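Protein sequence lines correspond, in order, to chains A and B.
Just so we're aligned: 114 in the numbering used here is position 116 of the first sequence, and the numbers increase by one with no gaps anywhere.
Just so we're aligned: 314 in the numbering used here is position 312 of the second sequence, and the numbers increase by one with no gaps anywhere.
Glycine included, each C-beta is placed from N, C-alpha and C at the ideal position.
It should be emphasised that the depicted structure is a prediction, and the values quoted were computed from it without experimental measurement.
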Amino acid sequence: MIRIRHRSWENIVIDAVIYLSLIFLVIVTLYPFLNTLAVSFNDAMDSSRGGITLWPRKFTLYNYQTLLTRSQIYSATLVSAARTVLSTLLGTFCTAMVAYIISRKEFVFRRLVSFIYVLTMYIDGGLVPTYFLMRSLGLVNSFWVYVLPGLVSAFNLIVIRTYIAGLSDSYVESARIDGAGEFTIFLRIILPLCKPVLATIALFIAVDNWNAWFDTFLYNSANAQLSTLQYELMKVLQSANTMSGSLLQALSRAAAGTTNTVTPRAIRATMTIIVSVPIVIVYPFLQRYFVHGLTLGGIKE
Amino acid sequence: MNTSACAAPRGKTFWDRVKQQKVLILMTIPFLVHVIIFRYVPIWGWLMAFQNYWPGKSILQQTWVGLENFKLLFDDPVFYQVLRNTLAMSVIKLAMGTVSSIILALMLNEVRIMWFKKSVQTISYLPHFISWVVAANLVRDALSTDGGIINEVLMRLHIIKQPIMFLGIPALFWWIIGVSHVWKEVGWGAIIYLAAIAAIDPTLYESAMIDGAGRLKQMWYITLPSIRPTISVLLIMNLGWVLSAGFEQQYLLQNGRVIDYARVFTIYELDYGIKMMRYSFATAVGIFRSVVSLILVFSANQLAKRWGQERLV
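So, in structure tokens, the structure goes:
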């Protein structure tokens, strides 16, 4: 529908207010990122004089060189990437499979299984019992603690189930008449039909995994090789005011004796950018999927 | 999901159907084992809250203390502080988040230049996908006394003379949490309201225009009432979560000066339980949070049902 707008005084004022507010929102959203980007490319000592806004004043790659040559950052990036890829592939597949099972109207344990999952959204064992469980499963100081516990999340399950419920039954029926088994139906028919919602869920799982730091903090903080990028950034953030963090100390030691120096602010800015770049690159491409998938699955339940 | 059981052919016993569906059941078993181990076995650990847990012994060899840990919890003044902080920050976040998302959706809906609308949306979703670790970094920088943008702007406008250490003022902490929540989630929150607005019958606007209603009046008398069901469902749904005001945000933005206003349940569990090796006490805190949340969620669900909305659970 096209609404006819008169060039009335009222309409001009309303449009002005709306456009200005939205431009303000865009500035407020982007400025912190752009400012941090500028600081990360600016000479650290020069930055501490203040006044950096959107553009580096004394351009340097030194901050990045210092950080990226630290093996800690390098291995943390690998761990973060590995957990994200594995969790996304396994998690999306497993969630879709459970969603298919509980979307089958004739399945006898349909309500029971749904209930078992839905209840997990509202109840959790708490930090201590969960920690003890992970320890007795051998998942403390282990990479798998990043992947296994969160394999199927109830929220994602509901979103996919709602999507499958909206598909026509005839696909499944005709495949069954052709003699296809349950697993084949799921793999060959349901999965391809669910592509849009699976893209949404994959994005959610990937972002959650990339952004997670608390599991590293709880289970793997004693093992530097299993550290993740977000956890390293969290440590820098927590210790930035006191300069007490091991990474910060190491970095300032590394910089001592050279003409270049890094400061806590520069390290934080540079790490923030390293941590955010993958998300900023990936997400605009997935945007059409998640808006579609979210309004489709999310609001109905 | 009301008429689910009727789809199977009649006249078959339960066991016939189980036999017939053995493949589906076999497919389910690994996942059931997984969810039971990772989500339900920890609840068995709740027994610890009724013991004086000491590491090294199995859970059944511990000394039982009855409700001692809960008594300690309810006698602890810090507990009431935590409860206050959690409720206050939840309500502030919920109110500010809802209002700002609705306003953004109303505004975006009025934009007729499509590329502009698309760009604003894309940019406004971005912070939702950024971790709180990164967001907390950005918030700290923006609020810093050392060239932070907020202080700079306020000083340029001659509103303040000296930079203010915003993150060191206890009275401001809840509001910083609220505003940073809005900054991160406003665009994302608006998606659902935009979808609800898009579903409004266009003839409503046409007849309103014939009646001479301007755009503000149309928003107030047509758009807002039409999305009221969406608003109330989301509000009720979120009311169930008031005991989980978030944790990362507070943990990453707090500091010693404001901790009395920043401490929420998970921080309490960490600092007063685990770090002091009071494992049983920490478990009791977890149980309190979980049980009250469950009660709230189900009351919210009942409320939604009574108001004629779709069931949420």
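Residue j and residue i - do their beta-carbons sit closer together than 9 angstroms?
i	j	result
residue 64(A)	residue 265(A)	yes
residue 288(B)	residue 127(A)	yes
residue 200(A)	residue 159(A)	no
residue 94(A)	residue 225(A)	no
residue 87(B)	residue 259(B)	no
residue 269(B)	residue 281(B)	no
residue 72(A)	residue 295(B)	no
residue 42(A)	residue 53(A)	no
residue 31(A)	residue 140(B)	yes
residue 148(B)	residue 48(A)	yes
residue 251(B)	residue 137(B)	yes
residue 179(A)	residue 122(B)	no
residue 71(B)	residue 40(B)	no
residue 281(A)	residue 207(A)	no
residue 102(B)	residue 20(B)	no
residue 227(A)	residue 77(A)	yes
residue 169(B)	residue 255(B)	yes
residue 316(B)	residue 114(A)	Coverage of chain B is limited to positions 3 through 315, which leaves residue 316(B) absent and any answer about it impossible.
Using a C-beta cutoff of 9 angstroms, does residue i count as contacting chain B?
i	result
residue 70(A)	no
residue 92(A)	yes
residue 14(A)	no
residue 26(A)	yes
residue 67(A)	no
residue 136(A)	no
residue 175(A)	no
residue 153(A)	no
residue 188(A)	no
residue 30(A)	yes
residue 232(A)	yes
residue 211(A)	yes
Drop a sphere of 10 angstroms on the beta-carbon of residue i, count the other beta-carbons inside from all chains shown, and report buried for 16 or more, exposed for fewer.
i	result
residue 233(A)	buried
residue 117(B)	exposed
residue 123(A)	buried
residue 242(A)	Confidence at residue 242(A) is low in this model, with a pLDDT of 46, below 50, so the placement of that residue is unreliable and no value is reported for it.
residue 112(B)	buried
residue 240(A)	Residue confidence is low: residue 240(A) scores 49 on pLDDT, short of 50, so the model does not pin down where it sits. Its coordinate-derived value is still stated next. Per the 10 Å Cβ criterion, exposed.
residue 261(A)	buried
residue 44(B)	buried
residue 291(B)	buried
residue 20(A)	buried
residue 6(A)	exposed
residue 152(A)	buried
residue 134(A)	exposed
List the residues of chain E that residue i touches, going by C-beta distances under 7 angstroms, in chain order.
i	result
residue 191(B)	Absent here is chain E; the protein component of the structure consists of chains A and B.
Please determine, among the options, the residue with the shortest C-alpha to C-alpha distance to residue i.
i	options	result
residue 195(A)	177(A), 163(A) and 169(A)	163(A)
residue 181(B)	11(A), 27(A), 157(A) and 17(A)	27(A)
residue 212(A)	229(A), 222(A), 221(A) and 42(A)	229(A)
residue 22(A)	213(B), 125(B) and 30(B)	125(B)
residue 82(B)	292(B), 307(B), 267(B) and 305(B)	267(B)
residue 139(A)	215(A), 182(A), 41(A) and 6(A)	215(A)
residue 163(B)	40(B), 172(B), 153(B) and 171(B)	153(B)
residue 62(B)	36(B), 47(B) and 121(B)	47(B)
residue 112(A)	305(B), 150(B), 55(B) and 34(B)	34(B)
residue 9(A)	249(B), 220(B), 235(B) and 234(B)	220(B)
residue 80(A)	210(A), 269(A) and 67(A)	210(A)
residue 205(A)	193(A), 188(A) and 279(A)	279(A)
residue 190(A)	101(A), 165(A), 25(A) and 156(A)	165(A)
residue 161(A)	231(A), 102(A), 62(A) and 77(A)	102(A)
residue 238(B)	100(B), 20(B) and 15(B)	100(B)
residue 125(A)	158(B), 30(B), 50(B) and 226(B)	50(B)
residue 181(A)	16(B), 30(B) and 247(B)	30(B)
residue 88(A)	68(A), 129(A), 142(A) and 46(A)	142(A)
residue 267(A)	34(A), 16(A) and 66(A)	34(A)
Under 9 angstroms, Cβ to Cβ, is there at least one residue of chain A near residue i?
i	result
residue 56(B)	no
residue 144(B)	yes
residue 65(B)	no
residue 117(B)	no
residue 183(B)	no
residue 52(B)	no
residue 139(B)	yes
* Are the region 292 to 304 of chain B and the region 236 to 252 of chain B touching, with three or more C-beta to C-beta distances below 8 angstroms? -> yes
* Cβ contact check for the region 122 to 135 of chain B and the region 269 to 278 of chain A: 3 or more pairs under 8 angstroms -> yes
* With a cut-off of 8 angstroms, do at least 3 Cβ pairs link the region 75 to 95 of chain B to the region 210 to 230 of chain B? -> no
* Asked: Three or more C-beta pairs closer than 8 angstroms, one from the region 185 to 202 of chain B and one from the region 97 to 109 of chain B: is that the case here?
  -> yes
* Does the pairing of the region 44 to 61 of chain A with the region 207 to 225 of chain B give three or more beta-carbon distances under 8 angstroms? -> no
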